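These protein sequence lines are chains C and S, in that order. Read left to right, the first sequence gives residues 9 to 409 (this note's numbering). Read left to right, the second sequence gives residues 816 to 1079 (this note's numbering).
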Amino acid sequence: MIWDALTLQLGYNATLVTLGATLLGMAAGVGGTFLFLRKRALVSDAISHATLPGVALAFMVMVALGGDGRNLIGLLLGAALSAAAGLLLVSWLSNRTRLAEDAAIGSVLSVFFGLGIVLLTVIQTMSAGRQAGLEDFLLGSTAGMLRNDALIIAVAAALTLALVLLLRRPLTLASFDPEYGTAIGQNVPRTDLAMMGLVLAVTVVGLKIVGLILIVALLIIPPVTARFWSERTDHVVLISGALGGIAAYVGAALSAAQPNLPTGPIIVLVGFALFALSLLLAPGRGALSALLRHRRYQRRVHLRQGLLALAHGQPIYEQLTLRLLRAEGYALPDGVATKAGRGRAAKALRDETRWQLIRRDPAYEAAAQQYDGLTPIETVLTADQIREIDSRIDMRGGVMA
Amino acid sequence: MTLELASNRETAPTSRADSPLAVRGMTVSYGQKPAVFSVDMTVEPGNMTAIIGPNGAGKSTLLKAALGILTPLAGTATVYGKPVSEQRHRIAYVPQRASVDWDFPTRVIDVVLMGLYPQLGLLGRIRPVHRARATDCLARVGMEDFATRQIGQLSGGQQQRVFLARALAQDADLYLLDEPFAGVDAATEKAIIAVLKSLRDAGKTVVAVHHDLSTVAEYFDNVFLINTHRVAEGSVEEVFQANHLQDAYGGRLAGAQMDALQLS
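Now the structure itself:
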């Protein structure tokens, strides 16, 4: 069953939903990346919650005009308008008043959402027979998705991808260094506006599938996940789009295979699974790799300190140090140095003396910057430089003796 | 304008029309308190000018307002006699290092390539010639071996040199730097000043917000002293004097510090 869903063999409607969701996931992943890099991810939460009064009002207006009230384009238009109003309000509050952006987001989000819920209640009492299940916009519903709905999503996703391709340089600069962007003649406010327009489009289009409460996850989780895997903006954008697409595809297929699984929440959970895997396993930025790196570093420090202690004939108190020295064959169980240990200890001490000398000498400034107590001095200085340093150490030793 | 004549003791020989950067009546305010008040500045071409003044005197603010990064309450800035917006291609800017997030997913070479964005346009492909140019600029600040490093792995001084390389990539005529020596190591300071002097020797104009009074005379030709208002402007010999510094810094500059400056 699940395999059938993943290979798009569950019938026309399930296939339509899965493809629509995949496109939406890709668009959200790509569009959300710059929002995340600009550190404005939560603005998308305000945008999505601000769509609700628009949906309800659009329904009321369409009914009042004698229409069905359930026309998707009409509802999405209403959603877009009230989301834009919410967005303008957030930027006005954070730019023109003393309110910080997080407070502005919180206020707009809750007020718009509250208003939307009130309007939904009014609609329920108003025309009980004709309510079009507007509650579906809260958590998304793919049950009645039509070919036209999928087409709308496809077009919006394609436009989003095209816009990001066109604006990738301004968007990168506005996210990384807006002051420099302004200085070289870029209109940073307009770039920000385009970015927000992008996010607004993805949000509105995603309402039908994922719902307004969870759409923010589709905008934020993929870029955060992608960041674990790359140090390059363009790669993060592409990986994020791919991850968003994969999460949506797998999530939609899973929910199609099981009759009672809601599409939007399952997509979000699949996205989270990808995030959790990346958090743990990604090379470089992953948690496991960071832990291993720390452990390896700690062991090198202990070994070095142990060798220096041996060289000075000091007792070794820390069990980890002693264990490492024994494992390397540098010390006996009672903490006495072996022959190999004495040799290595003397070398460690000599290196330390060399480092101390070059750290005091301005001529070796670049090399001295690499001092961390561990790096072998041969990897930083040439043999000639080491000989020169050694001659100074010998001279100093001679004078002192 | 009459007010300007009265206060202008060191008359600048440069006319406004040729000046690489001329600021007139610039006022910038955060809330109701002006950070920069009615400031005039005329930068001489082919020189290195330091903008100096105490903390909170509006040094960076003046630079940012001139560039349009901040919107001034009043005042105008011209670059080579024309509005700044028409002369962006002739201006290279090095922002304060602390103004960006260094954990941003980008490599050293990508940052330098940003200096070529105006030339590349929205969709122009980055070709080998652009990469070569970026690498060349990195080499001028001694950072060519770091091209593919993530920017967060660099030391503060190295980050500052990457910002300078990005400005060099623009191949501009006027270089504006905001605290280029703040928190950098001595090796970086030497490297940066060498590059700036080579720019000046090639006929370019350099203006830097500077905070270290002890190096002003050694590094710069001209000084612009500011403490919200313009205090003095002219060559180091004329302006970098005890009376002007006392005007700008007030009690904040102790007598011992003044002595240590070895004023000319």
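Think of the CB as a built atom: it goes at the ideal place given N, C-alpha and C, for glycine as much as any other residue. Note that this is a predicted model, so its numbers are computed, not measured.
Burial state of ILE866 of chain S (16 or more Cβ within 10 Å):
buried
Closer than 7 Å, Cβ to any Cβ of chain S: which residues of the stretch 179-200 of chain C, in chain order?
LEU181, PHE184, ASP185, GLU187, TYR188, THR190, ALA191, ILE192, GLY193
Figure out for me which residue from C:SER248, C:VAL276, C:GLU109, C:VAL244 has the closest Cα to the Cα of VAL258 of chain C.
C:VAL276
Kindly give me the distance between the Cβ atoms of ALA29 of chain C and ALA256 of chain C, rounded to whole angstroms, as I take these residues to be in contact under 8 Å.
4 Å
Based on DSSP bridge pairs, tell me the residues matched to LYS897 of chain S.
S:VAL894
What residue range does the alpha helix (DSSP H) around PHE852 of chain S cover?
Counting along the chain, PHE852 of chain S falls outside any alpha helix (DSSP H), though it belongs to the beta strand (DSSP E) covering 848-858.
Could you work out which residue in S:PRO860, S:LYS848, S:ILE924 is closest to ASP960 of chain S when comparing CA atoms only?
S:ILE924
Rounded to whole angstroms, what's the CA-CA distance from ARG350 of chain C to ARG400 of chain C? Just pull it up for me.
24 Å
Please report the distance separating the alpha-carbon of ALA281 of chain C from that of THR864 of chain S.
56 Å
Which residue wins for smallest C-alpha separation from GLY114 of chain C, given the options C:ASN156, C:THR361, C:ALA54, C:ILE160?
C:ALA54
Using the Cβ count rule (16 or more neighbours within 10 Å means buried), how would you classify GLU994 of chain S?
buried
My output table needs one value for VAL956 of chain S: the three-state DSSP class, helix, strand or coil.
coil
Does TRP11 of chain C pass the burial test, meaning 16 or more other C-beta atoms within 10 Å, or should it be called exposed?
exposed
Assign PRO178 of chain C to buried or exposed, taking buried as 16 or more other Cβ atoms, counted over all protein chains shown, within 10 Å of its Cβ.
buried
Cβ of THR950 of chain S within 8 Å of any chain C Cβ:
no
Enumerated in chain order, which unbroken segments of the alpha helix (DSSP H) with a length of 4 residues or greater are wholly contained in the stretch 145-201 of chain C?
155-174, 176-184, 186-191
How about LEU318 of chain C and ALA339 of chain C: are their beta carbons less than 8 Å apart?
yes
What residue does the beta strand (DSSP E) around HIS1044 of chain S start on, and which one ends it?
1044-1050
Of all the options S:LEU989, S:ALA1057, S:ILE941, S:PHE1055, which has the alpha carbon lying nearest to the alpha carbon of ALA837 of chain S?
S:LEU989
Kindly say whether THR26 of chain C, judged by its beta-carbon, lies nearer than 8 Å to any beta-carbon of chain S.
no
If you follow the beta strand (DSSP E) that THR864 of chain S is in, where does it begin and where does it stop?
863-867
GLY37 of chain C classed as buried or exposed, judged by whether at least 16 other C-beta atoms fall within 10 angstroms
buried
Beta-carbon neighbours of LEU96 of chain C, restricted to chain S and to distances below 9 Å:
Here the premise fails: no neighbours, minimum Cβ distance about 19 Å.
Range of the contiguous alpha helix (DSSP H) that encloses LEU877 of chain S
874-882
Name, please, each residue of chain S whose Cβ falls closer than 9 Å to the Cβ of SER238 of chain C.
PRO920
Simplified DSSP assignment, three categories, for GLN1061 of chain S
helix
Using the rule of at least 16 other Cβ atoms within 10 Å of the residue's Cβ for burial, across every protein chain shown, is TYR20 of chain C buried or exposed?
exposed
Got a sec: is the Cβ-Cβ distance from TYR908 of chain S to anything in chain C below 8 Å?
yes
Evaluate GLN985 of chain S with the Cβ neighbour count: other Cβ atoms within 10 Å of its Cβ, from every protein chain shown; 16 or more gives buried, anything less gives exposed.
buried
Using a C-beta to C-beta distance shorter than 9 Å, which residues of chain S count as neighbours of THR241 of chain C?
PHE919, PRO920, THR921, ASP925
Proximal chain S residues relative to LEU2 of chain C, where beta-carbon distance stays under 9 Å
Residue 2 of chain C is absent from the structure shown; chain C starts at 9 and stops at 409.
Kindly give me the distance between the Cβ atoms of VAL1051 of chain S and VAL1038 of chain S, rounded to whole angstroms, as I take these residues to be in contact under 8 Å.
5 Å
Output, in chain order, the set of chain C residues within a Cβ distance shorter than 8 Å of GLN965 of chain S.
GLU239
Any beta carbon of chain D sitting closer than 8 Å to that of PRO933 of chain S?
Absent from the structure is chain D; the protein chains it does hold are C and S.
Is there a Cβ of chain C sitting closer than 8 Å to that of VAL1054 of chain S, yes or no?
no
Less than 8 Å between CB atoms is the rule here; does MET929 of chain S satisfy it with respect to chain C?
yes
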